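A short worksheet on the structure shown next.
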Amino acid sequence: MLRLKNVSKTFTMHIRGGLVIQSFEKVSFETRAGALLAVTGPSGVGKSSLLKCVYRSYLPTSGEILYATAGGDTVDLASAGEWEILRLRHTEIAYVSQFFHVMPRVPALEILMEPLVIRGISRSEALGRAKEMLSRAGLGKNLWDMYPATFSGGEKQRLNILHAIIAKPRILLLDEPTASLDRAYKERIMEMILALKREGTGMVGVFHDRDALLALSDTRYDLTLGAYCPVNAKDAGEIARGDC
Ligand SMILES: Nc1ncnc2c1ncn2[C@@H]1O[C@H](COP(=O)(O)OP(=O)(O)OP(=O)(O)O)[C@@H](O)[C@H]1O
Ligand SMILES: [Mg+2]
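Using the numbering used here, read the sequence shown as starting at 1258 and increasing by one per residue.
Dropping the structure here:
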């Protein structure tokens, strides 16, 4: 469903005399429908930048990101035009950012209905589905008409995840989706992600949280090593001894 071939990203800092920062280099992996590939590596190695390149918030410096669309075409997300990217974001590709940027002065319920309304679902059906999702994630009625800017970190994160999954995307990119959730909510959210995976969504995820990594991942790509690794290898030592 998604195949990366030699994807690299550098940042050129013009305000610092053209200093070039290498974020990640020559990443190649693939993931299929109904499976989650975890991208791991220490802080600053380029995990978030990689997801942003797939979502095309960042333009990759080189390489190909080949995506097999619902319509049967193959689109290179690294070079596709802006309109094509926008269309895919509205219909097939969703992203949970590491840090939630809330839309100002839009109530939570409206935010959650938006991905459904964009896909042509009626407002009344969207309203019903949004309310049901909010309740399942423990976001009670008292929050529905509130602006998420006032939400707690965990409430914002749950809304962020619901916004990405409510319309059942074909590809879901998850950047630390459970980082600020307590155990009970983490389990509810993980259950929702697993349910979506069973329905065939292909996923790429980043998790510092080991429980989430083990529970959700089918394969793992280590950015430091530039190679696939066993999901359950605990540390680099184990990886070095073992079966990458
Ligand atoms: N917009 C940007 N401009 C310049 N440098 C950037 C930009 N975005 C990321 N970087 C740099 O790219 C590198 C990788 O950052 P990134 O956020 O992808 O790391 P990460 O692996 O997700 O780290 P963490 O685990 O802490 O979230 C860092 O050195 C960062 O400073
Ligand atoms: Mg990150």
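For each residue, glycine too, the CB sits at the ideal point set by N, CA and C. Quantities reported herein were computed from a predicted structural model and do not represent experimental measurements.
(request) Going by CA-CA distance only, name the one from K1454, A1472, I1278 and F1268 that's closest to E1444. (result) A1472
(request) Measure the CB-CB distance between L1345 and D1475 and report whether it falls below 8 Å. (result) no
(request) Kindly identify the DSSP beta-bridge partner or partners of Y1352. (result) L1430
(request) Would you check if there are 3 or more beta carbon pairs closer than 8 Å linking the segment 1410-1423 to the segment 1435-1454? (result) yes
(message) With H, G and I counted as helix, E and B as strand and the rest as coil, what does DSSP make of I1322?
(response) strand
(message) Looking at the secondary structure, which residues open and close the alpha helix (DSSP H) in which N1399 lies?
(response) K1398 to W1401
(request) Could you name the residues whose beta carbon sits closer than 7 Å to any heavy atom belonging to ligand 2, keeping them in chain order? (result) K1304, S1305, Q1355, D1432, E1433 and V1463
(message) Output needed for M1258: all residues of its chain with C-beta closer than 6 Å, excluding positions within five of it in sequence on either side, in chain order.
(response) R1289, A1290, A1325 and G1459
(request) Could you confirm whether any beta carbon from chain C is found closer than 8 Å to the beta carbon of L1480? (result) You won't find chain C in this structure, because it holds only one protein chain.
(message) For G1377 and G1410, I'd like the C-alpha separation in whole angstroms.
(response) Note on geometry: alpha-carbon atoms of G1377 and G1410 lie some 31 Å from one another.
(message) When you compare the CB positions of G1320 and V1264, do they come within less than 8 Å of one another, or not?
(response) Yes, they are a contact pair.
(message) Please tell me whether, using a cut-off of 7 Å, the distance from the CB of V1284 to the nearest non-hydrogen atom of ligand 1 is below it.
(response) no
(request) Tell me whether K1475 sits in a helix, a strand or coil according to DSSP, three-state version. (result) Residue identity differs from the one stated: residue 1475 is Asp in this sequence, not Lys. D1475: coil per DSSP, three-state reduction.
(message) Measuring only from the beta carbon, is I1278 closer than 7 Å to any heavy atom that is part of ligand 1?
(response) yes
(request) Tell me whether S1319 counts as near ligand 1, meaning its Cβ is closer than 7 Å to at least one heavy atom of that ligand. (result) no
(message) Taking 8 Å as the threshold (C-beta atoms), are V1353 and L1431 in contact?
(response) Contact: yes.
(message) Tell me the residue span of the beta strand (DSSP E) that contains N1263.
(response) L1259 to M1270
(request) Starting from I1278, trace the beta strand (DSSP E) both ways and give me its first and last residue. (result) L1276 to T1288
(request) For C1310, write down the residues that DSSP places opposite it in a beta bridge. (result) Paired residues: none, contrary to the question.
(message) Rounded to whole angstroms, what is the Cα-Cα separation between S1314 and M1270?
(response) 17 Å
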